[in-house]
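A.B. asks: In the numbering used here, the protein residues as written are 209 to 548.
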C-alpha cells in the first residue's frame, strides 16, 4: 500500500490532470475546427436540447450500474461497502484511466479506493483483475448479440482482431495463473531485487529485506481471493450483466445526442452496434485519453451516416459528456479519497 500511495501523489496527479485536460481540450478544438472546414458551413445549434438532458441521465445510470457491480461483488468476501463508495471506486477509475496511457492508471485508482473501503489488497486486486477481464468479454458479448439482432455478418477483420485480443488475454491469464500456482520464482526474484536495493541504497535495507515476504503474502492472498470467484461463478455472471447494462447506457448516450441534433436515421441498436468495436480497440490502444485518437475514430465511424455538419457537433457533445463529465466527477471523488 505504501507503494500505491507514493504513486498516487496528489500534486503529481493534479499536474497530470491539468496537462491532460488542457491537451485534450486543445486537441478537441483542433479536431472540431478541422471537421468544420471539411463539412463547410456549420450552424452550431441543437434543435432538441431536451435530449441532451436525457443523455446526461443515461450516462449517470451507466456509472450507477458499474458502481452497483462493485458493491455487490464485494460481498463475495463478506465485505459490505456502500453504494456511495462503489461509485467513488468506479469514478476514480474513470478519472485516472482518462489521463494515463491504455487506461493503466484506472486499475491503480480502483485498488487504492477499494482498500480504503475496508477490502484487503488481495481482495481489491482480484476484484479489479476479474473486472478488467470481464469488461472486455462483455464488449464481445454485446457485439455478438447485436450482430445477431441486426442480422449482420461479422466482418472478418473485426473477428480476427477480437480473436487475437482474446488469445492475448488467455496468455496473460495463463502467466498470472502460473505465478499464483508456483510463486517461488517470483518470490526469489523479488528477493534479489531487495538485496540489490539494500546494497546500493543502505537506507532501503530494511525495506529490501521485507520485499520477498510482502510479495509471497500478496500472491497467496490474491490466489485465495481469485479462487473464491471460481467457486462462485454467479458473481462472474453478475459482473458481465452489469457491464453490459453499463455499456448500453454509455452507448445510448450517443443515440440521445443524435436525437438532440435532430438526426434520426440511426436506430438505437445500430448506434450501439457501431460503437462496441471502437471501444474494444480503444481499450488496448497505448495512448492517453487526451491524444485525439478517440475523437478521430469516433468521427470517422459516424461520418458516413450524418450530413449537414453534424459530425463535428456529435464529436463535441459526445466528448464533453463521456470524457470531461467522467473526468470532472472522477476527480472530485478521487481527490476526496486521497484527502481522507
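Ideal Cβ positions, reconstructed from N, Cα and C, are used throughout, including at glycine. The structure displayed is predicted, hence computed values, not measured ones.
So, with DSSP's three-state summary, where would you put residue 328?
C.D. replies: Coil, per DSSP.
A.B. asks: Is there contact between the stretch 219 to 228 and the stretch 418 to 432, where contact requires at least three CB pairs shorter than 8 Å?
C.D. replies: They do not touch, by the three-pair rule.
A.B. asks: Rank 438, 437, 440, 482 by C-alpha distance to the C-alpha of residue 456 and give the top, closest one.
C.D. replies: Ranking 438, 437, 440, 482 by Cα distance to residue 456 puts 482 first.
A.B. asks: Could you tell me the alpha carbon to alpha carbon distance between residue 465 and residue 525, rounded to whole angstroms?
C.D. replies: Cα to Cα, the separation comes out at about 7 Å.
A.B. asks: Would a C-beta distance cut-off of 8 Å place residue 477 and residue 356 closer than the cut-off?
C.D. replies: Not a contact, by the Cβ cut-off of 8 Å.
A.B. asks: Would residue 316 and residue 297 be called neighbours here (beta carbons separated by less than 8 Å)?
C.D. replies: No; because the gap between Cβ atoms is not below 8 Å, this pair is not in contact.
A.B. asks: Could you please give the first and the last residue of the uninterrupted alpha helix (DSSP H) stretch that includes residue 536?
C.D. replies: Residue 536 -> alpha helix (DSSP H) spans 533 to 546.
A.B. asks: Decide if the stretch 437 to 456 is in contact with the stretch 317 to 326; the criterion is three or more beta carbon pairs, one per stretch, under 8 Å apart.
C.D. replies: Verdict: no, contact absent.
A.B. asks: Secondary structure at residue 517, three-state DSSP: helix, strand or coil?
C.D. replies: Residue 517: coil per DSSP, three-state reduction.
A.B. asks: Is it true that the CB of residue 473 sits closer than 8 Å to the CB of residue 513?
C.D. replies: In this structure, residue 473 lies closer than 8 Å to residue 513 by Cβ.
A.B. asks: Suppose you measure from the CA of residue 490 to the CA of residue 501; what does that come to, to the nearest Å?
C.D. replies: Rounded to the nearest angstrom, the two C-alpha atoms are 8 Å apart.
A.B. asks: Have a look at residue 548 and residue 454 and give me their C-alpha separation to the nearest angstrom.
C.D. replies: Distance between the alpha carbons of residue 548 and residue 454 is about 29 Å.
A.B. asks: Just the Cα atoms here: how many angstroms apart are residue 351 and residue 460?
C.D. replies: Going by the C-alpha atoms only, they are around 14 Å apart.
A.B. asks: Restricting to Cα atoms, I'd like to know which of 509, 538, 503, 515 is closest to residue 234.
C.D. replies: If we check each option's Cα against that of residue 234, 503 comes out closest.
A.B. asks: Candidates 306, 256, 282: which alpha carbon is nearest residue 539's?
C.D. replies: When each option's Cα is compared against that of residue 539, the closest is 306.
A.B. asks: Buried or exposed: residue 378, going by 16 or more other Cβ atoms within 10 Å of its Cβ?
C.D. replies: So residue 378 counts as exposed.
A.B. asks: Using the Cα positions of residue 544 and residue 299, report the straight-line distance between them to the nearest angstrom.
C.D. replies: So the alpha carbons of these two residues sit roughly 12 Å apart.
A.B. asks: For residue 327 and residue 313, what's the separation of their Cα atoms in angstroms?
C.D. replies: Each residue's alpha carbon lies about 19 Å from the other.
A.B. asks: Cβ of residue 329 within 8 Å of Cβ of residue 437?
C.D. replies: Their beta carbons are not under 8 Å apart, which means residue 329 does not touch residue 437 by this criterion.
A.B. asks: Taking the beta carbon of residue 549 as the centre, do at least 16 other beta carbons fall within 10 Å, making it buried, or is it exposed?
C.D. replies: Summary: the structure shown does not reach residue 549, with the chain confined to residues 209 through 548, and so no result is reported for it.
A.B. asks: Thinking C-beta only, is residue 458 closer than 8 Å to residue 518?
C.D. replies: Going by C-beta atoms, residue 518 is not nearer than 8 Å to residue 458.
A.B. asks: Tell me which residue opens and which closes the alpha helix (DSSP H) that residue 285 is part of.
C.D. replies: It is not in any alpha helix (DSSP H) - residue 285 carries neither H nor E in the DSSP assignment.
A.B. asks: Below 8 Å between beta carbons: does that hold for residue 488 and residue 266?
C.D. replies: No.
A.B. asks: Just reading off the alpha helix (DSSP H) that residue 292 is part of, what are its end residues?
C.D. replies: That run of the alpha helix (DSSP H) goes 291 to 306.
A.B. asks: Quick check: what's the CA-CA separation for residue 537 versus residue 318?
C.D. replies: Cα to Cα, the separation comes out at about 15 Å.
A.B. asks: Using CA coordinates, which residue listed in 451, 522, 274, 486 is at the minimum distance from residue 349?
C.D. replies: Ranking 451, 522, 274, 486 by Cα distance to residue 349 puts 451 first.
A.B. asks: Suppose you measure from the CA of residue 527 to the CA of residue 229; what does that come to, to the nearest Å?
C.D. replies: Each residue's Cα considered, the two are about 12 Å apart.
A.B. asks: Can you list, in chain order, the residues of its chain with a C-beta nearer than 8 Å to that of residue 394? Leave out the 5 residues immediately preceding and following it.
C.D. replies: Closer than 8 Å at the Cβ level, and outside the excluded window around residue 394, lie 387, 423, 427.
A.B. asks: Smallest Cα separation from residue 270: which of 462, 521, 441, 523?
C.D. replies: Of 462, 521, 441, 523, the residue nearest in Cα terms is 462.
A.B. asks: Once the 5 residues before and after residue 511 are set aside, which same chain residues still bring their CB inside 7 Å of it?
C.D. replies: For residue 511, where only same-chain residues beyond five positions count, the Cβ hits under 7 Å are 519.
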